[in-house]
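**Student:** In mature numbering (1 follows the signal peptide of the UniProt record, and there is no 0), the protein residues as written are -22 to -1, 1 to 313.
My questions will all concern the structure given below.
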């Protein structure tokens, strides 16, 4: 019986690999464009103290381990970027990394070091592309979308994410939704290369986990000339009350991608209090975005000055803490 199983597997496995390769070729970057196969992605920390931060006793800074797993699942490594870093240190890290994630989180944008650090990284990425044509992808998720959008819009950040003239209240706390795609989604960098089965999962299954109280409405977007000029809408959603908000955007010119939802949570978060779907469709859809972002990072020419400095910066020097009994995040890194 066991021998029969092995013989069957030998015939089945090649066809699975062939299908997988065919499905993924469309969004992997051209091999001739790849600059590094050792990408390192920076992840910006947040404070554990402040108006809304939930863990003052574990350390002064943190981020969810989900973001580390997200980049590692696509063949990249992670390094923390600390919110108490000087701007000189942020710039040094920028020139060493191949991309950055601005995570979702709980901090107030008008109080946190997350804001100046994120703003500096965004400005450096835009300048590097404009001056040298350098690719440096930025991935903003939930709070990250809110920060990037406010900066591009030229908003006064003194109200943070509570600027209701820009970020409207939405009934989108703890809910999984189907993406609504515009008719021109095939022209986007983010979803244009996606295989048909991924688009089907994203639009026909409620696999896209949202956990936020605010969002950018279509009306706000259309009235904001700076936002409209910089970003192309990739997807929208309706909240529980039927209000439409923008759930995904990408920069028209730059490798900057922002999502109001969390593609990695189906793979890596397991709290039963959260309405996260763990179906195969949700897992494959989330993995598409990890693969896409890391493939963009492979186009970056940045590198650490030495292997010694690279090793010192990597997340492997730290250990995640189990936090699943306290909050819905299973693991976090603390400093």
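Quick reminder that beta carbons are idealized off the backbone N, C-alpha and C, glycines included.
Please classify residue 187: does DSSP put it in a helix, a strand, or coil?
**Tutor:** Indexing the chain shown from 1 puts residue 187 at position 209. DSSP places residue 187 in strand when its eight states are reduced to three.
**Student:** Do residue 18 and residue 292 have their C-beta atoms closer together than 9 Å?
**Tutor:** Translated into positions along the chain shown, residue 18 becomes position 40. Translated into positions along the chain shown, residue 292 becomes position 314. It is a contact, given that the beta carbons lie within the stated cut-off.
**Student:** Kindly list the residues whose CB is nearer than 6 Å to the CB of residue 286, restricted to its own chain and excluding five residues on each side of it in sequence; keep chain order.
**Tutor:** For the purposes of this step, residue 286 is taken as the residue at position 308 of the chain shown. There are no such residues.
**Student:** Use the C-beta contact count for residue 136: other C-beta atoms within 10 angstroms, 16 or more gives buried, fewer gives exposed.
**Tutor:** The residue labelled residue 136 in the question sits at position 158 within the chain shown. By the 10 Å Cβ count, residue 136 comes out exposed.
**Student:** Please tell me whether residue 22 and residue 80 are closer than 9 Å, where the distance is taken between their beta carbons.
**Tutor:** For the purposes of this step, residue 22 is taken as residue 44 along the chain shown, with counting starting at 1. For the purposes of this step, residue 80 is taken as residue 102 along the chain shown, with counting starting at 1. The answer is yes: Cβ separation under 9 Å.
**Student:** With H, G and I counted as helix, E and B as strand and the rest as coil, what does DSSP make of residue 304?
**Tutor:** In the chain shown, counting from the first residue as 1, residue 304 sits at position 326. In this structure, residue 304 counts as coil in the three-state DSSP scheme.
**Student:** Entirely within the segment 89 to 147 and at least 4 residues each: give me those alpha helix (DSSP H) ranges in chain order.
**Tutor:** Listed in chain order, they are 92 to 110, 121 to 131.
**Student:** Compute the distance between the beta-carbons of residue 125 and residue 93, then report whether it is under 9 Å.
**Tutor:** Taking the first residue of the chain shown as position 1, residue 125 is located at position 147. Taking the first residue of the chain shown as position 1, residue 93 is located at position 115. A contact, by the Cβ cut-off of 9 Å.
**Student:** Report back the beta-carbon spacing between residue 280 and residue 63 to the nearest angstrom; my notes put them in contact at under 8 Å.
**Tutor:** Translated into the one-based positions of the chain shown, residue 280 becomes position 302. Translated into the one-based positions of the chain shown, residue 63 becomes position 85. The pair is not a contact, with the Cβ atoms about 17 Å apart (cut-off 8 Å).
**Student:** State yes or no: is the C-beta of residue 241 within less than 9 Å of the C-beta of residue 264?
**Tutor:** Within the chain shown, the letter at position 263 stands for residue 241. Within the chain shown, the letter at position 286 stands for residue 264. Yes, Cβ-Cβ distance for residue 241 and residue 264 is below 9 Å.
**Student:** Taking 9 Å as the cut-off, decide whether the C-beta atoms of residue 159 and residue 90 are in contact.
**Tutor:** Looking up residue 159 in the chain shown gives position 181. Looking up residue 90 in the chain shown gives position 112. No. Outside cutoff.
**Student:** How would you call residue 200, buried or exposed, if buried means at least 16 neighbouring beta carbons within 10 angstroms?
**Tutor:** Indexing the chain shown from 1 puts residue 200 at position 222. That one is exposed.
**Student:** Is the Cβ-Cβ distance between residue 290 and residue 227 less than 9 Å?
**Tutor:** One-based indexing of the chain shown puts residue 290 at position 312. One-based indexing of the chain shown puts residue 227 at position 249. Cβ distance not < 9 Å, so residue 290 and residue 227 don't count as in contact.
**Student:** Please report how far the alpha carbon of residue 174 lies from the alpha carbon of residue 50, in whole angstroms.
**Tutor:** Numbered from its first residue, the chain shown carries residue 174 at position 196. Numbered from its first residue, the chain shown carries residue 50 at position 72. If I take the Cα positions, the gap works out to 25 Å.
**Student:** Could you give the uninterrupted runs of the alpha helix (DSSP H) lying entirely in the segment 173 to 230, keeping only those of 4 residues or more?
**Tutor:** Runs of the alpha helix (DSSP H) inside the segment 173 to 230: 174 to 182, 196 to 201, 203 to 208.
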